[in-house]
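Trainee: Under our numbering, the first residue of the sequence shown is numbered 53, with each subsequent residue one higher. Glycine is no exception: its CB is placed at the ideal position from the N, C-alpha and C atoms. These numbers come from a predicted model, not from an experiment.
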Amino acid sequence: MRLVLEGYYRLLKILLTVLMGALIIPVTMQILSRYTGLIPRYIWTEEIARFCFVWIILIGAMIAVRDGTHFDVDVLPHSPNPRVEFGYRTFVHLAMLVMALSFLWWGWDFYVLGARQQSEISGLPMWMIYVAWPLGGATWSVFLIERIVNDVATLRKGGPDDTW
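Here it is as structure tokens:
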């Protein structure tokens, strides 16, 4: 299972890199068409850039959850006791899991709504953008469960607490 998750994680990193590069193309075309007469003004470039941007945000958040670099607030004080720190981390992971499952649950409804729609400007099916939310929720859930399992294993070993 760890190899599957590692492969999926690497795929996400590649997709993020490709999308970051792909975002440059429509944005550059939009800028050039707006301020120069070199190329005609394209309307679809803004929409494609928006699609890329949504996916960049959600894939970046997926990667951040796996890396443990996702934004969180230190509401609970840090403790020198590994068991207390484990409890704090587990609480934070479970709170994030609730949010991930809500993205999965309501994101699916959002996806179903978008599956029947088509973009007016580019003609792309809207499910291509709406599927990002349930996929993000599912990915966050899997990566959070992986983090909790790793934290439990670290606590059982009594080793250094470096998974946070």
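So, is S193 buried or exposed, given that buried needs 16 or more other C-beta atoms within 10 angstroms?
Mentor: Within the sequence shown, residue 193 is the residue found at index 141, counting from 1. By the 10 Å Cβ count, S193 comes out buried.
Trainee: Compute the Euclidean distance between the alpha carbons of M53 and F195, then round it to the nearest angstrom.
Mentor: For the purposes of this step, residue 53 is identified with residue 1 of the sequence shown, where counting begins at 1. For the purposes of this step, residue 195 is identified with residue 143 of the sequence shown, where counting begins at 1. Looking at the two C-alpha atoms, the distance is approximately 12 Å.
Trainee: Take Y182 as the anchor and find which of D161, I197, S174 and I173 has the nearest alpha-carbon.
Mentor: By one-based count along the sequence shown, residue 182 stands at place 130. A check of alpha carbon separations from Y182 across D161, I197, S174 and I173 identifies D161 as the nearest.
Trainee: Spatial neighbours of E98 within its chain, please: C-beta separation below 7 Å, excluding the five flanking residues on both sides.
Mentor: Counted from its first residue, the sequence shown places residue 98 at position 46. Hits under 7 Å: Q82.
Trainee: Can you grab the Cα-Cα spacing for the pair N133 / W96, in whole Å?
Mentor: If you number the sequence shown from 1, residue 133 lands on position 81. If you number the sequence shown from 1, residue 96 lands on position 44. The alpha-carbon atoms of N133 and W96 are separated by roughly 55 Å.
Trainee: Are the Cβ atoms of E137 and H130 separated by less than 8 Å?
Mentor: For the purposes of this step, residue 137 is taken as residue 85 along the sequence shown, with counting starting at 1. For the purposes of this step, residue 130 is taken as residue 78 along the sequence shown, with counting starting at 1. E137 places its beta carbon less than 8 Å from that of H130.
Trainee: For P177, name the three-state secondary structure that DSSP assigns.
Mentor: Stepping through the sequence shown from its first residue, residue 177 is reached at position 125. Looking at P177 - three-state DSSP - the assignment turns out to be strand.
Trainee: Of all the alpha helix (DSSP H) runs that stay within the bounds of the region 130-203, which reach a length of 4 or more residues?
Mentor: 134-167 and 179-182
Trainee: Determine the DSSP secondary structure at P92, reduced to helix, strand or coil.
Mentor: Your numbering for residue 92 matches position 40 in the sequence shown. Coil.
Trainee: Flag this pair as touching only if the region 72-82 and the region 103-121 have three or more C-beta atom pairs under 8 Å; answer yes or no.
Mentor: yes
Trainee: By Cβ distance, which residues of its chain are closer than 7 Å to I108, with the 5 residues on each side in sequence left out?
Mentor: Here residue 108 is taken as the residue at index 56 of the sequence shown, counted from 1. The answer, listed in chain order, is L68, L71, M72 and L75.
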